[in-house]
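Undergrad:
Residue numbers (our numbering), protein chains in the order written: chain R, 1 to 437; chain H, 1001 to 1437.
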């Protein structure tokens, strides 16, 4: 099984940042077997699918390092409301979120990610067993983490997620080559020390990545200062929670010492700029963390926080926010931004040897954006075009693990219409309750 | 000539912020004659065009209060470069920008704006006579201002734009009901006092709006402090430049006294957040100015600064930037943001009695965004959906002055392909020179 992509502006994101302005990429058995300029392309096209990119820009599929794909029904609810999480989200979620709604939402969310060129993501929600079924059906690469919190919505016991997670990890380990089961305690302020430590033990036992929301809230910072006179990162270090398998989402309230601690343990950070700025929290000191040696990837966050599950909005916002924060228009070039959205994200998830760039031997996780739409001209620099001009509607073609998932801007094996009907049907009670809040 | 829009979520942006979740809008002879819920819609559809919005969101066409439509060829050039304006843009512009290139760029840029739902804009560039021809051909509502600067590119004399502008205004005044000719001295730091005063006298003589880049640059602030011990706004007041016909673009370096001066003269401000943040300059104190009574509209700025000529990117960035700047997630609701992008922008241009909202008697400047694409579900609040979920690719239908300009996401009287070929042909020498810089 071979697929040959021709006539693409191939942006490899390899260590040398090779770009082939008129390039090809050959996929054999789901893996990239060669990539280069068109003049070195094979000329025997027998027994293969040939995809003419027609001058489109080919990039590695995006890696979305933090999201909550069960939450599409919440998108756009209670915007601009103070303390939305506690006044709005948690009560509604507790009463109205079900396994079937989470599953319908997950399928829809994966479709949205595929249509915007995301080929890998790290999810954190409830009912992850159902979500894993949904992700399997959609054919997307993912790390799926069951959330650990006292009042969990998919178990009747406090911290029932610990049992759920262990069962879930056992069930899904090795079951589907695209899916890695995982565990994610919610946050330092919402979990007991005991549940945090137990979560990490489970991740270690099964040798899987784990995730947490860290240094995100002002009240989190205040609480840990008051109780233990430490920062959130210091607290996590003190209880033995940190390791290189951890992806810490947000990390807004980070000082120099915190950044050094994160680097020392090899902790990975998911920077979710849209969520952080929309909620007025502030801008994460990404440069400080990177300078200390921390791997930083980008995340959309969930659809209630970041609204759209696309990395174009995220990349552009990272550029604008960091250049403003650092008062330097030359900070964070578009190449650096695209690096964070692809290979650095893969590094955060520990899978940079197998995805995140267009290199021989890697899985064929590939996104092509067309360059014919009005906003895509001119293209003086493909990095700048991707970061500053492109939107999700320009994504033409997406392959995940060598399988075509998006063709001519449409899903290949599903229809948006049907996925939407399923989600609408599952959302009836949820919407009734939401409209009364 | 009647057009009836049915089955739309009509977001009127009138003083009461009326929204009709299933509404209609009737256009007669280019003007809105009535708007309301579907149950009050006429049922005799004879002798009219009927446009079924199929649940799409109908909003007033956006008003883009600041752009440079001759500059599409520069888009994406020299991104992330320090002092790009002086090191890159000005030299290239001086050598390679011609009337025919400006005209081809203008047509392309207007197409991009129409396709993203912008129905009115305020331009500031050179060769405005050619640009006005282009805008006429495209059928867009615009204020077009000839730039005044010492080394002008469309005249051999220093400040030759003053003569050009006067001739241009005389030629275009009353010629086309959609086009208002105008004048725009470049900035306080790049113009002599004499040329600033003369520009204002011309605007007064012909009773047209005028524009300037104001309080945008750190070196502008430093220069005026050193020379006259004043802020940019104080300088403008001292030389008698301010009036309610002025649209001042950017206004980043504004203190409380500056905001009071702007309000006292009725000066209007064009907030160009994408350009301001991408260049690392900072975030304009919009709330301060609005609280003092200044009208603030939104601008994309030119395609070299803001990259895409769409207000969706601008609106989302305004929300994220202002919420972060004010440390308040409830600041700038999506309704307030959409207000700035429509009726407040019209107020800045002095045309709020005739456009900027969907009200009987106003010109039919109308944009419909479809709600079937993956990113458009769910819609709990149409304001939030428009500001946080929508991108330019969701714009389905656009009418300018009652004439259909975009239908099913395509231009009605032009094709992107042809406009692009024209621009490519006109750009050959420009691109050669750019590639050597």
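Backbone N, C-alpha and C fix where the C-beta goes; we use that ideal spot for every residue, glycine too.
Are the CB atoms of residue 1369 of chain H and residue 1057 of chain H within a distance shorter than 7 Å?
TA: Yes, Cβ-Cβ distance for residue 1057 of chain H and residue 1369 of chain H is below 7 Å.
Undergrad: Taking the continuous alpha helix (DSSP H) assigned at residue 1313 of chain H, which residues delimit it?
TA: Run containing residue 1313 of chain H: 1311-1325, per the alpha helix (DSSP H) assignment.
Undergrad: Taking the alpha carbon of residue 1108 of chain H as the reference point, which residue from H:1371, H:1075, H:1085 has its own alpha carbon closest?
TA: Looking at the Cα atoms, H:1075 is the closest of the given residues.
Undergrad: Can you list the alpha helix (DSSP H) stretches of 4 or more residues lying completely in the region 99-137 of chain R, in chain order?
TA: Runs of the alpha helix (DSSP H) inside the region 99-137 of chain R: 99-115.
Undergrad: Between the Cα of residue 237 of chain R and those of R:209, R:208, R:200, spot the shortest distance and give me the residue it belongs to.
TA: If we check each option's Cα against that of residue 237 of chain R, R:200 comes out closest.
Undergrad: Thinking just about the alpha-carbon of each residue, which of H:1115, H:1103, H:1096, H:1037 is nearest to the one in residue 1396 of chain H?
TA: Residue H:1115 is the option with its Cα nearest to residue 1396 of chain H.
Undergrad: Three or more C-beta pairs under 8 Å: does that hold for the region 128-136 of chain R against the region 1005-1015 of chain H?
TA: Result no; under three Cβ-Cβ pairs closer than 8 Å.
Undergrad: Under the three-state reduction of DSSP, which class applies to residue 208 of chain R: helix, strand or coil?
TA: Note: residue 208 of chain R maps to coil in three-state DSSP.
Undergrad: Could you check whether residue 398 of chain R and residue 117 of chain R sit closer than 7 Å to each other, using their CB atoms as the reference points?
TA: Yes, the Cβ-Cβ distance between residue 117 of chain R and residue 398 of chain R is below 7 Å.
Undergrad: By the DSSP assignment, the beta strand (DSSP E) with residue 1180 of chain H in it spans what residues?
TA: Counting along the chain, the beta strand (DSSP E) containing residue 1180 of chain H begins and ends at 1179-1185.
Undergrad: Please confirm whether residue 1389 of chain H and residue 300 of chain R have their CB atoms less than 7 Å apart.
TA: The answer is no: Cβ separation not under 7 Å.
Undergrad: Report the residues of the region 1375-1392 of chain H with a CB closer than 7 Å to any CB of chain R, ordered along the chain.
TA: The region 1375-1392 of chain H vs chain R, Cβ under 7 Å: 1375, 1377, 1378, 1379, 1380, 1381, 1384, 1385, 1388, 1389, 1391, 1392.
Undergrad: I'd like the ranges of any alpha helix (DSSP H) spanning at least 4 consecutive residues and lying wholly in the region 1050-1104 of chain H.
TA: For the region 1050-1104 of chain H, whole alpha helix (DSSP H) runs of length 4 or above, ordered along the chain, are 1090-1096.
Undergrad: Please list, in chain order, the chain R residues whose beta carbon lies closer than 7 Å to that of residue 1307 of chain H.
TA: Going along chain R in sequence order, the residues near residue 1307 of chain H (Cβ under 7 Å) are 388, 389.
Undergrad: So, with DSSP's three-state summary, where would you put residue 21 of chain R?
TA: Strand, per DSSP.
Undergrad: Which of the residues in the region 1067-1083 of chain H, read from start to end, lie with their CB under 9 Å from any CB of chain R?
TA: Listed in sequence order: 1072, 1073, 1074, 1075, 1076, 1077, 1078, 1079, 1080, 1081, 1082, 1083.
Undergrad: Helix, strand or coil: which one does DSSP assign to residue 1159 of chain H?
TA: Of the three classes helix, strand and coil, the one that applies to residue 1159 of chain H here is coil, per DSSP.
Undergrad: Residue 1513 of chain H and residue 1049 of chain H look like a contact to me (Cβ under 8 Å); what is the Cβ gap, rounded to whole Å?
TA: The question about residue 1513 of chain H has no answer, for chain H in this structure spans 1001 to 1437.
Undergrad: Taking Cβ positions only, does residue 327 of chain R come closer than 7 Å to chain H?
TA: At least one chain H Cβ lies under 7 Å of residue 327 of chain R.
Undergrad: If you compare alpha carbons, which of R:208, R:287, R:274 is closest to residue 263 of chain R?
TA: Considering only alpha carbons, the answer is R:287.
Undergrad: Work out the CA separation of residue 1334 of chain H and residue 1039 of chain H for me, nearest whole Å.
TA: Taking the straight line joining both Cα atoms gives about 28 Å.
Undergrad: Who are the near neighbours of residue 1136 of chain H in its chain, counting only those whose CB is closer than 7 Å to its CB and skipping five residues on each side?
TA: Taken in chain order, the residues that qualify are 1176, 1179.
Undergrad: If you draw a straight line from the alpha carbon of residue 228 of chain R to that of residue 235 of chain R, how long is it in whole angstroms?
TA: Each residue's Cα considered, the two are about 8 Å apart.
Undergrad: Got a sec? Which residues, its chain only, sit under 7 Å from residue 1316 of chain H by beta carbon, not counting five neighbours each side?
TA: For residue 1316 of chain H, where only same-chain residues beyond five positions count, the Cβ hits under 7 Å are 1387, 1388.
Undergrad: Does the distance between the C-beta of residue 1339 of chain H and the nearest non-hydrogen atom of the ligand NAD fall short of 6 Å?
TA: For the structure depicted, the ligand NAD is absent and the ligand set is empty, with no information on it obtainable.
Undergrad: I'd like to know if the region 351-364 of chain R and the region 374-382 of chain R are in contact, where contact means that at least 3 CB-CB pairs between them fall below 8 Å.
TA: The region 351-364 of chain R is not in contact with the region 374-382 of chain R.
Undergrad: Any beta carbon from chain R within less than 7 Å of residue 1418 of chain H's own beta carbon?
TA: Chain R contact via Cβ: absent.
Undergrad: Cα-Cα, which of H:1391, H:1361, H:1193, H:1410 is closest to residue 1025 of chain H?
TA: Here the closest residue by C-alpha is H:1361.
Undergrad: Exposed or buried, which one is residue 1100 of chain H when buried takes at least 16 other CB atoms within 10 Å?
TA: Residue 1100 of chain H should be labelled exposed.
Undergrad: Answer yes or no: do residue 1244 of chain H and residue 1266 of chain H have a C-beta to C-beta separation smaller than 7 Å?
TA: Contact: yes.
Undergrad: Mind reading off the beta-carbon distance from residue 345 of chain R to residue 65 of chain R? Whole number of angstroms is fine, and I expect it under 8 Å.
TA: That pair is a contact at about 5 Å.
Undergrad: Count the other CB atoms within 10 Å of the CB of residue 1418 of chain H; is the residue buried (16 or more) or exposed (fewer)?
TA: Looking at its Cβ environment, which holds fewer than 16 other Cβ atoms inside 10 Å, residue 1418 of chain H is exposed.
Undergrad: State the CB to CB distance for the pair residue 233 of chain R and residue 212 of chain R, rounded to an integer number of angstroms; the pair is presumed to be in contact (CB under 8 Å).
TA: 11 Å between Cβ atoms; not a contact.
Undergrad: For a cutoff of 7 Å on Cβ pairs, would you count residue 1333 of chain H as touching chain R?
TA: With 7 Å as the cut-off, residue 1333 of chain H counts as an interface residue toward chain R.
Undergrad: Kindly indicate which residue of H:1240, H:1291, H:1188 has the alpha-carbon position closest to the one of residue 1225 of chain H.
TA: Residue 1225 of chain H has its Cα closest to that of H:1188, out of H:1240, H:1291, H:1188.
Undergrad: Smallest Cα separation from residue 1261 of chain H: which of H:1204, H:1241, H:1134?
TA: Ranking H:1204, H:1241, H:1134 by Cα distance to residue 1261 of chain H puts H:1241 first.
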